[in-house]
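**Q** Would you mind keeping the following structure in view while I ask a few things?
Residue numbers (UniProt numbering): 1 to 115.
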């Protein structure tokens, strides 16, 4: 495969991916991370002088906050533009560099999913 055909194929695949899948997945991961961090914050270890009286209230507030949270309607659109522009960067010039970049991203995402 010559570099012109490779670049065209990659451009088409990246455009398709960044049009829907990538921004959607980014918002999904952000939402999961936000929930995890909020839950962690709300259940941090309590000090010696902790009073259980507000624990049920805090849990109810946490659940209601998560239930009512809404992303800005333009979150995916904004991400789509930013991600598409980043992926149009021509600093990676051949398949080996793409493969290395893909491997790096896969490893970073796998590490994040394990946390």
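Note that CB positions come from ideal geometry on N, CA and C, so glycine has one too. A quick note: this is a predicted structure, and the numbers were derived from the prediction, not measured.
Starting from residue 5, follow the alpha helix (DSSP H) in both directions and report where the run begins and ends.
**A** From DSSP, the alpha helix (DSSP H) with residue 5 extends over 3-16.
**Q** Which one of 61, 93, 86 has the shortest CA to CA distance from residue 22?
**A** The shortest Cα separation from residue 22 among 61, 93, 86 belongs to 86.
**Q** Could you tell me the boundaries of the alpha helix (DSSP H) in which residue 98 lies?
**A** Looking at the DSSP string, the run of the alpha helix (DSSP H) that includes residue 98 is 95-114.
**Q** Apart from the five residues on each side of it in sequence, which residues of its chain come closer than 7 Å, Cβ to Cβ, to residue 76?
**A** Within the same chain, residue 76 has close Cβ partners 23, 24, 27.
**Q** Closest by CA to residue 8, which one among 109, 90, 103?
**A** Comparing Cα positions, the closest option is 90.
**Q** According to the Cβ coordinates, are residue 42 and residue 59 closer than 9 Å?
**A** Cβ distance < 9 Å, so residue 42 and residue 59 count as in contact.
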